[in-house]
Ligand SMILES: Nc1ncnc2c1ncn2[C@@H]1O[C@H](COP(=O)(O)OP(=O)(O)OP(=O)(O)O)[C@@H](O)[C@H]1O
Ligand SMILES: [Mg+2]
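Residue numbers (mature numbering (1 follows the signal peptide of the UniProt record, and there is no 0)): -22 to -1, 1 to 478.
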């Protein structure tokens, strides 16, 4: 058995045991030959028969899910009376049938039309077929364009709800669901119809926070806690963007907030926009540091895990199962959550930008100054940041990470000393600083948060202080990378015997 056949046999086997939810179809394309004229898809199987100039041609193929547009009547599944009979279906090998092209009823078949020579007949057949192709191509282009902007809402309608039971069997808990999510292959999350069903069966319990875009609630789903961020209708773009970023392929990571579902429910008067994620009872790092001081071990755990999360976010992974580089653009202690095991999960990806490395472009037009003024890097404050260069955004994130490290290190209670919690620049700017306030301090006076001398007496605090300084250079390109910080702290955690 050759390699391709073996792979396909394994897939068939997996599919028959319900382990793998790809659809298997018959396929007539030349490039399916190696796989025994079979293909697999996340969309539909298609069979079509066309008659052009009296010649009958049969085609069987896999249609990827993202090409099933418009929903309900995908172009690839359309028929044209007298020329083309197409059928799309959604079960394994369902496209094995032989379709017939039905003769036109209103218009007698051209071959029987009296007085028409072969040239006229050919022209009369080819003309409308050509026109039909042009119309289909044009319409497909327009829909794909539209779909890119509002892609996942469209996909919602074409997914096959018959697989819902695989995800939502009665005995499945939140943990099972999250496990399914992390092993489901695409690495981008649950199918959208499952997301909607989960979101609509959550029972909200209590409000746990309020941010710029709406409220955050603790909710219950099948005996487990979830966090629900409810956006106001005005903030639909933010909701959409955040859901889109969280569903970036292969984004899931233990130090990035685990996304569960997005849902937009119209209740007749307004649209409720929900974003459901893992719930972390300690809340944000800001909440945590206000409440608790930390040991050296606790500090290293928080700092190393935050660097791991940021390194994963920033990293571009090539290949079909890869991920684009992502810059956060609003990193701060309020946007990092603390997990039960004392590690961090980076949250609030609504302002993030993704790098499209093939074209070396950024996936949305980045506006000059977004994020939280207090955490803005000097080049963002004075608008000298080169926004055409994706790495600039990563360097700005590193500056903010340095500030977060300062907030953590101040709360380290080694040697019985620790300071009270403070926001960065608390002693230099007012409580709700303007850009101008920040610019004067950070760019003109080139001031940075104070690194106390006593930190030099403790290796871990000395290393943290050194990292901070190297995150705060005025020149973004000179700053450390997240991966470099991660490696330095991983080494420190070994030296300090920290159990992660
Ligand atoms: N997944 C979660 N688990 C537990 N608590 C959370 C979770 N997500 C958010 N919170 C809490 O809700 C608060 C509000 O979050 P939200 O992101 O809306 O606003 P913020 O981060 O405080 O401010 P901003 O609007 O500037 O981002 C957080 O500070 C945190 O205490
Ligand atoms: Mg936030």
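Ideal Cβ positions, reconstructed from N, Cα and C, are used throughout, including at glycine.
Annotation: the segment 211 to 254 contains the following complete segments of the alpha helix (DSSP H) (minimum length 4 residues), in chain order: 214 to 224. A Cβ-Cβ contact shorter than 7 Å links residue 38 with residue 5.
Residue 310 sits buried, since 16 or more C-beta atoms from the chains shown fall within 10 Å of its C-beta.
Distance check between residue 187 and each of 201, 207, 241, 327 places 207 closest, using alpha-carbon atoms only.
Burial state of residue 221 is buried, judged by a 10 Å Cβ sphere holding 16 or more other Cβ atoms. Within the chosen limit of 6 Å, ligand 1 reaches the beta carbon of residue 205 through at least one heavy atom.
With a cut-off of 6 Å, the C-beta of residue 63 is classified as distant from ligand 2, since no heavy atom of the ligand falls inside that distance. Of the heavy atoms belonging to ligand 2, none sits nearer than 6 Å to the Cβ of residue 256.
DSSP, reduced to helix, strand and coil, places residue 423 outside both helices and strands of the structure shown, so it counts as coil.
With 16 or more neighbouring CB atoms inside 10 Å of its own CB, residue 426 falls in the buried class. DSSP places residue 176 in the helix class (H, G or I) of the three-state scheme. In the three-state scheme derived from DSSP, where H, G and I count as helix and E and B as strand, residue 292 is classed as helix.
In this structure residue 316 touches residue 263 by the C-beta definition: roughly 6 Å separates them, less than 8 Å. The DSSP-derived three-state label of residue 429 is coil. Three or more pairs of CB atoms, one per stretch, sit closer than 8 Å, so the segment 289 to 304 contacts the segment 329 to 337. Annotated three-state conformation of residue 389 is coil, per DSSP. In its chain, beyond the 5 residues on either side, 152, 176, 179, 180 have a beta carbon closer than 7 Å to the beta carbon of residue 199.
Between residue 73 and residue 3, the CB-CB gap stays under 7 Å. Residue 384 is bridged by DSSP to nothing; it lacks a bridge partner. Collapsing the DSSP output to three states places residue 360 in coil. With a minimum length of 4 residues, the unbroken runs of alpha helix (DSSP H) contained wholly in the segment 432 to 472 fall at 437 to 449. Set against 6 Å, the gap from the CB of residue 150 to the closest heavy atom of ligand 2 is not smaller. For residue 38, the enclosing beta strand (DSSP E) starts and ends at 33 to 41. Residue 438 holds the alpha-carbon nearest to the alpha-carbon of residue 274 among 438, 107, 447, 19.
The beta carbon of residue 26 is closer than 6 Å to those of 37, 64 in its chain, skipping five residues each way along the sequence. Check the Cα spacing between residue 325 and each of 353, 109, 282, 255: the tightest is with 255.
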